[in-house]
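Since the structure comes first, as structure tokens, the remarks are kept for the end.
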Amino acid sequence: MAHDLLDEYTSAYTSSETPFVGWVTVVTRRYEINASDKSFLSEEMFRAIWFSYARLQQLNGDMKCPECGPAPETVIWDGVTLAFSRKHVLSSLRPPTTLDPDSATRGASQYLGKQQLLQDVTLRKLVRKIIAAPALTSAALGEDGAEPGEIAREGIQDDQGAEGGQKSKEIAQAAKVAIEHIDLANRALVQLRAVHEGLAELFNEQFGYEAYISRRKVSSVFRELFVQVGLAQVHL
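Structural data, given as structure tokens:
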């Protein structure tokens, strides 16, 4: 059997849950569609060949982090399942949590807390509030593109002079919301700099004053990054 077919299955099951039966069925149909004069292997034969092929692979050390080494303090794991027919499940199969007579005993073990990059709860909430805030509205900028601070003052003055009306109130309110958002972003930026300068600069680039005023759309990748920074156990 060609190595590219074996490698193709390896690629399939390491990226999603791909059982042998389903993958063999797909390849068999591919042979039929292309009018091959030879049929593909049975599921049992392909499975036996693939496991033999997998034993030859040099996989040692491929899970070692180049920065953290073989035993990082914190690991974020996203696993997939190599599925096979239920008839192949042996009676000796046990959950990984099953105790063995030779298992190490660690009676004093306890959960290690405060592993988040942003350990300050208030800062985490502040970051999430900023990235979830709606974009700057046209009303907050006004017709001449003035900044929110100017619009807020002008809108309030017009309303107080009884010449503004409902539109002036809406503009002033939109500008007030924008000013509050900018103030929160600046506060978060100062606190983030105390945690990590690079992270703070990235935050400023995507959610800071210039990005907010220019109404630049933030990529979902950066938005999700700062959500995870506040929740996940990450170390920079």
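Sequential numbering from 1 applies to the sequence shown in the numbering used here.
From the three backbone atoms N, C-alpha and C, an ideal C-beta is built for every residue, glycine too.
#1: My understanding is that A188 touches L123, with C-beta atoms under 8 Å, so please give their C-beta distance in whole angstroms.
#2: Nearest CA to the CA of V195: which residue from V177, V75, W23, Q119?
#3: Pairs of beta-carbons, one from the segment 40-59 and one from the segment 4-20, closer than 8 Å: are there three or more?
#4: Would you decide whether F127 is buried or exposed? Buried here means 16 or more other CB atoms lie within 10 Å of its CB.
#5: Check G22 in the structure and name its three-state DSSP category.
#6: Taking the alpha-carbon of K217 as reference, which of F226, F207, H88, R29 has the nearest alpha-carbon?
#7: For G69, write down the residues that DSSP places opposite it in a beta bridge.
#8: Just the Cα atoms here: how many angstroms apart are S238 and Q115?
#9: Can you look up D7 in the DSSP assignment and give me helix, strand or coil?
#10: May I ask you to report which of helix, strand or coil DSSP gives H196?
#11: Quick one: what's got a C-beta closer than 6 Å to Q191's C-beta in the same chain, skipping five residues either side?
#12: Could you spell out where the alpha helix (DSSP H) holding V121 opens and where it closes?
#13: In this structure, does DSSP put I76 in helix, strand or coil?
#14: Would Y237 and I182 be called neighbours here (beta carbons separated by less than 8 Å)?
#15: Tell whether a beta-carbon distance below 8 Å holds between E43 and V26.
#16: Considering only the beta carbon of each residue, do Y31 and F40 sit closer than 8 Å?
#17: Quick one: is S168 buried, meaning 16 or more other Cβ sit within 10 Å of its Cβ, or exposed?
#18: For E67, I'd like the list of residues in its chain whose CB is within less than 6 Å of its CB, leaving aside the five on either flank, ordered along the chain.
#19: Does DSSP put E17 in a helix, a strand or coil?
#20: Compare the beta carbon distance of R215 and A133 with 8 Å and say whether it is the shorter of the two.
#21: Taking only three categories from DSSP, how would you classify Q116?
#22: Do the CB positions of I76 and F226 come within less than 8 Å of each other?
Walking through what the data contain:
#1: 7 Å
#2: Q119
#3: yes
#4: First, the amino acid is wrong: residue 127 is Val here, not Phe. Result: buried.
#5: helix
#6: Answer by Cα proximity: F207.
#7: C65
#8: As displayed, the chain neither begins before 1 nor continues past 236, which places residue 238 out of reach and without an answer.
#9: helix
#10: coil
#11: L123
#12: Start and end: 121-131.
#13: coil
#14: The structure shown does not extend to residue 237, since the chain is modelled only from 1 to 236, so the question has no answer here.
#15: no
#16: yes
#17: Classification of S168: buried, given that the 10 Å Cβ count is 16 or more.
#18: Counting only Cβ-Cβ distances below 6 Å, and skipping sequence neighbours, we find nothing.
#19: coil
#20: Their beta carbons are not under 8 Å apart, which means R215 does not touch A133 by this criterion.
#21: coil
#22: Not in contact: I76 and F226 (Cβ atoms no closer than 8 Å).
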